[in-house]
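So for the sequence shown, the working numbering puts the first residue at 7; every next one is plus one. Structure, as structure tokens:
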Amino acid sequence: MIEPIGNQYIVARPVYSANAFGEEHKKKHRYHKTFLDHLKVCCSCSTEKARRIALSLLPIASWLPAYRVKEWLLSDIVSGISTGLVCVLQGLAYGLLVNIPPSYGLYAAFFPVIVYFFLGTSRHISAGPFPVLSIMVGATVSRLTPMANTVAMDFPNNSTSNEGPSLDDYKVMVAATVTVFSGIFQLLMGVLQVGFMVVYLSESLISGFTTAAAIHVLVSQLKFILQLNVPPYTDPFSIFKVLNSIFTQIEKTNIADLVTSLIILFILFVVKEINECYKATLPVPIPIELILTVIATGVSYGFDFRNRFNVTVVGKMESGFQSPITPDMKIVQETIGDSFSIAIVGFAVAFSVARVYSLKHDYPIDGNQELIALGLSNVVTGSFKGFASSTALSRSAIQESTGGKTQIAGILSAVIVLIVIMALGFLLEPLQKSVLAALALGNLKGMLMQFVEIRRLWRKDKYDCLIWIMTFIFVIVLGLALGLAASVAFQLLTIVFRTQFPKCSTLANVGRSNIYKNKKDYSDMYELEGVKIFRCPSPIYFANINFFKQKLIDAVGFSPLRILRKRNKAMKKIRKLQKEGLLQVTPKGFICTVDGLKDSDEELDNNQIEELNQPINTTDLPFQIDWNANLPLNIVVPRIELHSLILDFSAVSFLDVSSMRGLKTILQEFIRIKVDVYIVGTDDDFIEKLERCEFFDDEVKDSIFFLTIHDAVLHILMKKDYNASKFNSSQENDIKFDFTTHTNGGLRNRECRVSVETKF
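In structure tokens form, the structure reads like this:
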């Protein structure tokens, strides 16, 4: 019964062990579904289920009929036009990251938006190229480019790159093949309902990865800004090799490209700061990328920069779409690992951004459906010679901040890209590649500013901060694919460390109530004499069972196995003396008529070590031995004051089979030296698992489980028949009281024995 009295409460109930509680409150029988039951549900069919599946596979059918034309259409039009202009420029700029002609970036900016319009569940993200994915694809293209000389002639000669037409076609084929198979991986994961895999990529890992990837993007664009011929490096330490190559030929820098890039970057950063400062007053952000592109294209064309200053330009852009292609299986064999990495990273980034906007605008998103949408987007994009897509943070922010309400804004942005592909692409032919590189770097500011996360994470969680730093280092040193794999492995390793070395503590009573806290944290602490309360705040499994045992030994102050062996050796000596008639027992103690024995401790340890670990048997002796009293022949056995040990397992989520044997051994060692062990805070499933694994026997019984620490403490007081309890030295030693609580929640002195039903 619970009776509230102001901000206090009174609880009157019996002291419960787990068994006593189970006898008084019978559990209901629950039927747990088997795999066959779940399979039947999956295979069953109904009208409602068919409708639900159809809506989940085609989300547009659920939101488009409810579209508010008068309220949303104008906002979506403004947002779509603004986003579409950015899509064109980012598509061209990110094409440079993939090491293919920039014009193919327009396909990567068009097809994903169309597919995501029908299949995506987020209303605000802008599907399309993402710089991190682009550089991952570009790294794969660079890795396979050296072998292009032997296979490039298999592809049609329809490009106008300075490196040779067939080589560009081979690069496009590599990028398209990687994209298609990354999409296939995403489709398979979506069909198999494994969207939960993204949980293994924490926010700290994604932040560190994208920051390091931004550094890779920055370094990769230096060759376009400086117009230097830098060989492709994709192996570990490639970023340092690229920097070394750049610095060794820095004197060959094209000054016109460098000056143009610096001017573009300066104006870009200034106007973006203005947009950020006045975003509340500006109706739409200033489209500075579009303005700079128009001006740079006009200046380059008017002053003939290509011939006068030998700058590199976008070059010929064909109108319309090219015919679809099929992936090359020879390339697939070389890029299967890259495709999987790109699939995981692309989904992780897109889902993270989509989740932010779904929480902000209060609508649900489906991770598995997102996998299907992104997967099919990449399959279609790769088939039409585009490269891998996800969503760009800056582009999605523009679509949302300019008033976009639904993916109608996305489809309108695709229309803008379509117009450029079909009719206006030729206007961008004089545009310098260094301008596109500068625009790509201008959009990296958000990712580069993530360095401030280190300070915030250090204050909040040292492990998360370490994950961020190590992810950044791994990706910088090992590259994107290997760095991501190493980062995930390190992140999982930190979880092992957190559980393998938990912060165990010794608890004591606070304020003479039923509250128990770490005794190091509070001054008003009360600790029963002979009782130790030990808390483990993590699962117990094969990797930390030895650590748990050592921490427990440190907490109680002695090794129970050592005490057990000492007592068994003493018993052997006492039994030998008693058998030979050399030991007599009087009311005042032992009388021994011999000075010593020849048996040595070393001999006993070496020859009978297994026997020393067994329970102490005194049934054949005519007397009882007090191990804390003086023993005959000056036999020395360490004295212990502990008589009860309480293990708080309320934070132990599971116990694996490998650690059960170790835990049982620990419990047996304490029980064999007459220390009662109690386990509190476990749930029913924990105890049931121990029963299934035959954990209990004549020594370790299922009666050791209690509901709470206070139940176990009160049980110990009743079992020991205490009228008062002695506390630690910080309390007055002459004060005697028990743990029965007063009606105001505190403890009070009592001279009577603790009753079975205790109020607290």
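All C-beta atoms, glycine included, are put in the ideal place defined by N, C-alpha and C.
Through-space distance from residue j to residue i, alpha-carbon basis
i, j, result
"V200", "V351", "15 Å"
"L234", "D263", "10 Å"
"F393", "R36", "52 Å"
"A158", "F496", "Below a pLDDT of 50, predicted positions are generally treated as unreliable, and A158, at 41, falls in that range; the measurement from the model is reported next regardless. So the two alpha carbons sit approximately 39 Å from each other."
"K258", "S440", "15 Å"
"Y522", "T688", "16 Å"
"L713", "S656", "10 Å"
"M577", "R667", "27 Å"
"A24", "S709", "7 Å"
"L558", "T151", "60 Å"
"E279", "I297", "16 Å"
"L79", "P118", "22 Å"
"L207", "T477", "11 Å"
"N515", "K55", "55 Å"
"Q674", "Y22", "23 Å"
"K572", "R645", "11 Å"
"S50", "S62", "17 Å"
"N316", "I261", "10 Å"
"D691", "C699", "12 Å"
"Q620", "V458", "59 Å"
"L499", "V663", "21 Å"
"G265", "V205", "Residue identity differs from the one stated: residue 265 is Val in this sequence, not Gly. Whole-angstrom Cα-Cα distance: 44 Å."
"R312", "G101", "20 Å"
Rounded distance between the beta-carbons of residue j and residue i, thought under 8 Å
i, j, result
"V537", "S650", "5 Å"
"A379", "Y73", "Not a contact, Cβ separation roughly 19 Å."
"A218", "G489", "7 Å"
"V681", "L653", "Not a contact, Cβ separation roughly 12 Å."
"V94", "I422", "7 Å"
"I348", "V184", "7 Å"
"T303", "L433", "7 Å"
"M179", "D334", "6 Å"
CB contact flag (residue i, residue j, <9 Å)
i, j, result
"I231", "A444", "yes"
"F215", "T397", "no"
"G416", "A99", "no"
"L450", "V276", "no"
"P65", "D368", "no"
"I722", "P566", "no"
"L377", "F346", "no"
"T408", "S81", "yes"
"S511", "N524", "yes"
"A360", "H130", "yes"
"I501", "I580", "no"
"L211", "V494", "yes"
"G97", "F116", "yes"
"L767", "I622", "Outside the shown range of the chain, which is 7 to 766, sits residue 767, and nothing can be said about it."
DSSP state of residue i mapped onto helix, strand, coil
i, result
"M428", "helix"
"Q227", "helix"
"F272", "helix"
"N515", "strand"
"N524", "strand"
"R19", "strand"
"K538", "strand"
"D174", "helix"
"F745", "Residue placement at F745 is flagged as unreliable, the pLDDT there being 37, under the threshold of 50; the coordinate-derived value follows with that caveat. DSSP places F745 in coil when its eight states are reduced to three."
"L774", "Nothing can be reported for residue 774: it is not among the residues displayed for the chain, which extend from 7 to 766."
"A133", "strand"
"L651", "strand"
"T688", "coil"
"S493", "helix"
"Q438", "strand"
"T397", "strand"
"Y532", "strand"
"L70", "coil"
"Q630", "coil"
"V319", "strand"
"A24", "helix"
Contact test: residue i Cβ vs the ligand GTP heavy atom, cutoff 8 Å
i, result
"S364", "Ligands in the displayed structure: none, and consequently the ligand GTP is not present."
Minimum Cβ-Cβ distance from residue i to chain D less than 9 Å
i, result
"G373", "Protein chains in the displayed structure number just one, and chain D is not present."
Exercise. So, do the stretch 379-390 and the stretch 184-192 have three or more beta carbon pairs nearer to each other than 8 Å?
Worked result: yes
Exercise. Are there three or more Cβ pairs, one per stretch, closer than 8 Å when the stretch 415-433 is compared with the stretch 77-86?
Worked result: yes
Exercise. Given 8 Å as the limit, is there contact between the stretch 140-148 and the stretch 100-110, that is, 3 or more CB pairs closer than that?
Worked result: Taking 8 Å as the limit for Cβ pairs, the verdict is that the stretch 100-110 does touch the stretch 140-148.
Exercise. Can you find at least 3 beta carbon pairs, one from the stretch 473-490 and one from the stretch 241-251, that sit closer than 8 Å?
Worked result: Yes: at least three Cβ pairs fall under 8 Å.
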